[in-house]
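S.K.: Quick note on numbering: this note's numbering labels position 117 of the sequence shown as 370, and the sequence is numbered without any gaps.
I have a structure I would like to understand better, so I am pasting it below and will then ask my questions one at a time.
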Amino acid sequence: MKIQFLPVVLVLAAVLAMVLSAGCSGPSSPEPGVGNETELTPSPLPSATPSSTDFPSGTEPPLTPPPSGKGPSLSADTCSFEHLTGRTDTHLSTGDACYFETHTPIEFLDDLRTHPDEPVVVMDVPEGWITPEDAGQLMQEIDSGEPAAPVVSPLSSYWPYNQTSTVGNEALFLLEGYRTGRYPPDLCSLYYFKPNWTEVEMWWDAVGDGWTNSFIHNQKA
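Set out below in structure tokens:
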């Protein structure tokens, strides 16, 4: 009989050993996210407006279009003479129409006279900006040797470093623009542009009197 109860005793001993082993061991570590709830702080969302640090050195973030689908408007600075002495790439992208829509050729020549020490960058001007009346006033300045800023196209490979022009030369450059129908008529008012005073005076003698008589007639009408 003792032999028959031996397997039962062995089974009970094994069960008892398992129970004691489970009681001595510490509680099992909880699974991640279960019974150990920790408040998580959400990470900030990326800004919708790009910063200058998001772009490689030497580049600028693109313009953010304003509401209503309208394109970016030019600031008041683009209408100033100082805008024309800025970086070359700004003239390639925006043009210079704002300044030239608010200033006459004579006012532009006066600005060149007032700021003779820095080249002025001009991409283009509005069509018909130089009128016959302007041409008559410009003819009165072609002999002036007063210092003036040179005009250079942003497309020019030549840059007039530390060079000044004259009021007379810039008046001739404007007159050439009037005659050719585009301004600037050449890549730079220095180096590329070689004016011929005699030829310009002969041209004006041929067309100036006719225009002057027509202008006086229109003023009386």
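Every residue gets a Cβ at the ideal spot worked out from N, C-alpha and C, and that includes glycine.
Here the structure is a predicted model, which is why all the values come from computation and not from measurement.
1. Quick one: what does DSSP say residue 400 is sitting in, helix, strand or coil?
2. Candidates 434, 400 and 412: which alpha carbon is nearest residue 420's?
3. Would you call the CB atoms of residue 443 and residue 383 closer than 8 Å?
4. Do you know how far the Cα of residue 447 is from the Cα of residue 422?
5. Hey, out of 359, 395 and 333, whose CA is closest to residue 449's CA?
6. Can you name the start and end residues of the alpha helix (DSSP H) that residue 364 belongs to?
7. Check whether the segment 401-416 and the segment 428-435 touch, using three or more Cβ-Cβ pairs below 8 Å as the test.
8. For residue 441, I'd like the list of residues in its chain whose CB is within less than 6 Å of its CB, leaving aside the five on either flank, ordered along the chain.
9. Enumerate in chain order the residues of its own chain whose CB-to-CB distance from residue 391 is below 6 Å, with the five nearest sequence positions on each side excluded.
10. Which full runs of the alpha helix (DSSP H) of 4+ residues lie inside the segment 370-414, going along the chain?
11. Once you ignore the five residues that flank residue 456 on each side, which residues in its own chain have a CB closer than 8 Å to its CB?
12. Can you give me the start and stop residues for the alpha helix (DSSP H) that residue 444 sits inside?
13. Taking the continuous alpha helix (DSSP H) assigned at residue 335, which residues delimit it?
14. Does DSSP put residue 451 in a helix, in a strand, or in coil?
15. Measure the beta-carbon distance from residue 367 to residue 332 and round it to whole angstroms, keeping in mind my assumption that it falls under 8 Å.
16. Can you give the Cα-Cα distance for residue 378 and residue 452, rounded to whole angstroms?
17. In terms of residues, what are the limits of the alpha helix (DSSP H) holding residue 431?
18. Let me know if residue 459 comes out buried or exposed under the rule of 16 or more other beta-carbons within 10 Å of its beta-carbon.
19. Out of 370, 380, 358 and 402, state which residue places its alpha-carbon closest to the alpha-carbon of residue 388.
20. At the level of alpha carbons, what is the spacing between residue 461 and residue 365?
21. Is residue 352 helix, strand or coil by DSSP?
M.R.: By the coordinates alone:
1. strand
2. 400
3. no
4. 9 Å
5. 395
6. 358-367
7. no
8. 405, 409 and 411
9. 424, 427 and 428
10. 385-392
11. 432
12. That residue, residue 444, is in no alpha helix (DSSP H); it is neither H nor E in DSSP.
13. Unbroken run through residue 335: none, as it is neither H nor E.
14. helix
15. At roughly 17 Å, the Cβ-Cβ gap does not stay under 8 Å, so residue 367 and residue 332 are not in contact.
16. 25 Å
17. 420-433
18. exposed
19. 358
20. 25 Å
21. helix
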